[in-house]
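Trainee: Below is a structure I'd like to ask you about.
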Amino acid sequence: MKDFLLEIFRWWHGQTWGTRLWIWRHGDLVGTDEFGNKYYQDKKANRRYVTYNGPADASAIPPGWHGWMHFRTDVVPTEANYVARAWQKPHEPNLTGTAAAYRPDGSMLNKGERPRVTGDYDAWSPE
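Everything in the sequence shown is counted per the UniProt record's numbering, starting at 1 for the first residue and increasing by one.
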């Protein structure tokens with residue numbers, strides 16, 4: 001019962017009850033990725049959906065499924081035995097807004113000092 005109520009009121013965490021009902025009526029399960037995300041396509045094959053395993057975060061879609069979701073290919077990665085190319089990096093979640101986010105030297109949230117400007121650039125100053 002608790003999970004049912006959380007689905008209704010916590011829409012930012014994952015699929016809502018309305019999404020579950022829509023996919024149940026109009027969607028066909030196409031596959032699942034290594035992170036547990038489930039991918040659906042409607043019966044007319046003109047819309048594609050993903051239900052995330054955990055919080056809804058678009059950066060949690062791996063490259064093969066990203067191409068399928070955005071209609072760059074009609075071949076489902078599980079059917080094509082998709083293998084990432086050598087130049088593709090493994091998936092990393094979007095860490096913006098977390099303690100593990102990138103903060104360069106000189107950032108207000110990081111220790112250190114910003115590197116001095118070198119080369120032919122002179123900072124503008126009002127006269």
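The C-beta atom is built at its ideal place from N, Cα and C for all residues, glycine as well.
One question on the structure: do Val30 and Gln41 come within less than 7 Å of each other, judged by their Cβ atoms?
Mentor: Result yes, Cβ atoms of Val30 and Gln41 sit closer than 7 Å.
Trainee: Compute the distance between the beta-carbons of Pro62 and Gln88, then report whether it is under 7 Å.
Mentor: Going by C-beta atoms, Pro62 is not nearer than 7 Å to Gln88.
Trainee: Which residues in the same chain have their Cβ closer than 6 Å to the Cβ of Gly18, if we skip the five residues on either side of it in sequence?
Mentor: Once the five neighbours on either side are set aside, Gly18 has no close Cβ partner at all.
Trainee: In chain order, what residues of the same chain lie with their CB nearer than 7 Å to the CB of His91, ignoring the 5 residues before and after it?
Mentor: Correct list, in chain order: Pro62.
Trainee: For Leu29, report the span of its beta strand (DSSP E) as first-last.
Mentor: Start and end: 27 to 32.
Trainee: Shortest alpha-carbon distance to Phe71 belongs to which of Ala84, Gly54, Arg47?
Mentor: If we check each option's Cα against that of Phe71, Arg47 comes out closest.
Trainee: Just curious, the beta strand (DSSP E) that Val50 is in, first and last residue?
Mentor: Taken as a continuous stretch (DSSP letters only), the beta strand (DSSP E) holding Val50 covers 48 to 51.
Trainee: What did DSSP end up calling Asp42 once you bin it into helix, strand or coil?
Mentor: Strand at Asp42.
Trainee: Within its chain, find whatever has a CB closer than 6 Å to the CB of Gly36; leave out the 5 residues flanking it on each side and keep chain order.
Mentor: Cβ neighbours of Gly36 beyond the five flanking positions: Asn53.
Trainee: Kindly provide the ranges of any beta strand (DSSP E) runs that are 3 or more residues long and lie completely inside the segment 86 to 112, ordered along the chain.
Mentor: With a minimum length of 3 residues, no continuous beta strand (DSSP E) run stays inside the segment 86 to 112.
Trainee: Can you grab the Cα-Cα spacing for the pair Leu109 / Asp122, in whole Å?
Mentor: Using only the alpha carbons, I get a separation of about 26 Å.
Trainee: Can you tell me whether DSSP reads Ala60 as helix, strand or coil?
Mentor: Residue state, collapsed to three classes: helix.
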